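S.K.:
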Amino acid sequence: MGPSNFVFDVSESTFDVDVVNRSYETPILVDFWAPWCGPCRSLGPVLEKLATESDGGFFLAKVNVDENPNLSVRFGVQGIPAVKAFRNGQVINGFVGAIPEPRVREFLQKVAPNETDHTLAEANSLLATRHWADAEEKLRVIIEAQPRNAAAALGMVRALVAQGKGREALEIIEVFPSGPEIVAAEQLRALAEILAEVAEDSDHRTEHDLHLAQYWQSARLLAGGRYAAGMDGLMEGLRRDKKFRGGEPRKVMLGVFALLGDDDPLTREYRSELASVLF
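Given below as structure tokens:
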């Protein structure tokens, strides 16, 4: 379904039918905006993307305040962009300003919770505790229903990389949905690439290249979840040749940090060690 199925314009004459009455069946977000408003142009596409992504979990009604000033007065809109959530005929929550997408998602989970949000929250909890296979199972359910769900796609990339499934992770990265999550997904690309390489190529390529053999062995350790041992091997290789394969081991290390998270003790330890080698 296209965005028009879930996003529509409303006016003073259609508001009660299209928003108030309809909100008894499905949560409605109302975006008060104007063509001259810069922050509106930032927030609007985010809201439209999430409405489409929700696949009917909520609808987005757009109100041009220049053309519908009485609606602004009726609902106390004093600054734009302003978003108000309607359910059962009433305003239940709202916010003002072009807040970032993660905060919009948090807002939606409060005003328009759905089964997808619940499943995604469960998957993220499993990712946080490194139950990668269980997280993958839940994320597949979401992606099957919502292929453009960027948050689920990022979680899937993490789950796949953590299990050594580099090729499948790369396939998702290559067609990653638009959204801020793409930055985090790209941080995992180098790690996914080396995992795919060692899984698909035979060992004969390393027979006469000890450095490459060590690099691949480090990747195999990472694929098996032995992060400290794998990063020890990468660090040893970097000490020998910082420019090996165009500095690829450094990018792989950064991918491991992204996978484990900034607060992980291994990330803190090896990030400091990496900096000491590179600089």
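Using numbering that gives the first Met the number 0, you'd call the opening residue of the sequence shown number 0 and step up by one each time. Glycine is no exception: its CB is placed at the ideal position from the N, C-alpha and C atoms. Because the structure is a prediction, the values reported are computed rather than measured.
#1: Shortest alpha-carbon distance to PHE58 belongs to which of TYR23, PHE5, ASP30 and VAL18?
#2: In angstroms, rounded to a whole number, what distance separates the CA positions of ARG129 and ASP240?
#3: What would DSSP say about LEU187, mapped onto helix, strand or coil?
#4: Assess contact between the segment 157-164 and the segment 78-96, defined as three or more Cβ pairs (one per stretch) separated by less than 8 Å. Is contact present?
#5: Let's see if you can read the secondary structure: which residues bound the beta strand (DSSP E) around PHE256?
#6: In chain order, what residues of the same chain lie with their CB nearer than 7 Å to the CB of ALA257, ignoring the 5 residues before and after it?
#7: Using 8 Å as the threshold, is the C-beta distance between ALA122 and LEU138 below it?
#8: For ASP262, which three-state DSSP category applies?
#9: Tell me the DSSP secondary structure of VAL18 in three-state form.
#10: Tell me whether VAL62 is buried or exposed, calling it buried when 16 or more other Cβ atoms sit within 10 Å of its Cβ.
#11: Span of the alpha helix (DSSP H) holding ASN113?
#12: Using the Cα positions of GLY236 and VAL174, report the straight-line distance between them to the nearest angstrom.
#13: Please name the residue in LEU259, ASP116 and LYS83 whose C-alpha comes closest to that of TRP32.
#14: Pick from SER41, PHE85, CYS39 and GLY37: whose alpha carbon is nearest that of GLU24?
M.R.: According to the data block:
#1: Shortest Cα-Cα distance from PHE58 to any of TYR23, PHE5, ASP30 and VAL18 involves PHE5.
#2: The straight-line gap from Cα to Cα measures roughly 32 Å.
#3: Reduced to three states, the DSSP call for LEU187 is coil.
#4: In the pairwise beta carbon analysis, the segment 157-164 is classified as not touching the segment 78-96: fewer than three pairs are separated by under 8 Å.
#5: From DSSP, PHE256 is part of no beta strand (DSSP E) but of the alpha helix (DSSP H) over 247-259.
#6: Here the set comprises ALA183, GLN186 and LEU187.
#7: Closer than 8 Å, so yes.
#8: DSSP places ASP262 in the coil class of the three-state scheme, outside both helix and strand.
#9: VAL18 falls in the helix class under three-state DSSP.
#10: Burial call: buried.
#11: That residue, ASN113, is in no alpha helix (DSSP H); it is neither H nor E in DSSP.
#12: Computed Cα separation, rounded: 32 Å.
#13: Selected option, being the one with the closest Cα: LYS83.
#14: Residue PHE85 holds the alpha-carbon nearest to the alpha-carbon of GLU24 among SER41, PHE85, CYS39 and GLY37.
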